[in-house]
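Below, the structure written as structure tokens:
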């Protein structure tokens, strides 16, 4: 868990790790080994703070873009994350007709396409109701039990109880680890 005040650098850090923003210096380590940015990106599913979906497309079409085809998408539906996030019921709806919480669930479903090794989530519970948050938390616990790693930010103290470690960012620098 990465915490910090608004503007402390959490979203910037996540966008760098996800390959959205480039770095001028430094290096990436994955499992103790240096990796290139592209290698790292292939291991990451990313849920940014802002909605990256195509609003004029249906939920299914957005998911197909991330899953890379109907077969992979079907696996996500049959007992997979798409079913667990309750997206099957809204597959035919256009994204721009959905509530903010429903759009957030679609973003999470897209990020989990291909079962990435690392899931980066910037305020994952934003706009989710209590029931959907519980579904998300269950999915994240199962994902971690299966060997996945979740790096997320949240201003909600209830989310902090889900994590093993909390890191505080202050002015773009790691201030403490608890």
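Residue numbers (this note's numbering): 268 to 445. Note that the Cβ used here is the ideal one computed from N, Cα and C, for glycine as well.
In DSSP terms, what residue i is bridged to
i	result
residue 420	269 and 389
residue 295	302
residue 361	325
Secondary structure of residue i, DSSP reduced to three states
i	result
residue 321	coil
residue 428	coil
residue 412	helix
residue 290	coil
residue 336	coil
residue 366	coil
residue 347	coil
residue 278	helix
residue 284	helix
Range covered by the beta strand (DSSP E) that runs through residue i
i	result
residue 311	311–314
residue 302	300–302
Contacts around residue i, its chain only, beta-carbon distance under 7 Å, and the 5 residues preceding and following it disregarded
i	result
residue 304	286 and 295
residue 360	325 and 326
8 Å Cβ cutoff, residue i in contact with chain C
i	result
residue 347	Considering every chain present, this structure includes no chain C. It has just one protein chain.
Endpoints, the alpha helix (DSSP H) within which residue i is located
i	result
residue 381	It is not in any alpha helix (DSSP H) - residue 381 carries neither H nor E in the DSSP assignment.
residue 356	That residue, residue 356, is in no alpha helix (DSSP H); it is neither H nor E in DSSP.
Anticipated Cβ contact below 8 Å, residue i with residue j, distance rounded
i	j	result
residue 277	residue 436	6 Å
residue 417	residue 388	7 Å
Any non-hydrogen atom of the ligand PLP closer than 7 Å to residue i Cβ
i	result
residue 377	Ligands in the displayed structure: none, and consequently the ligand PLP is not present.
Chain-order list of residues whose beta-carbon lies under 6 Å from that of residue i (same chain, five-residue window excluded)
i	result
residue 391	314 and 419
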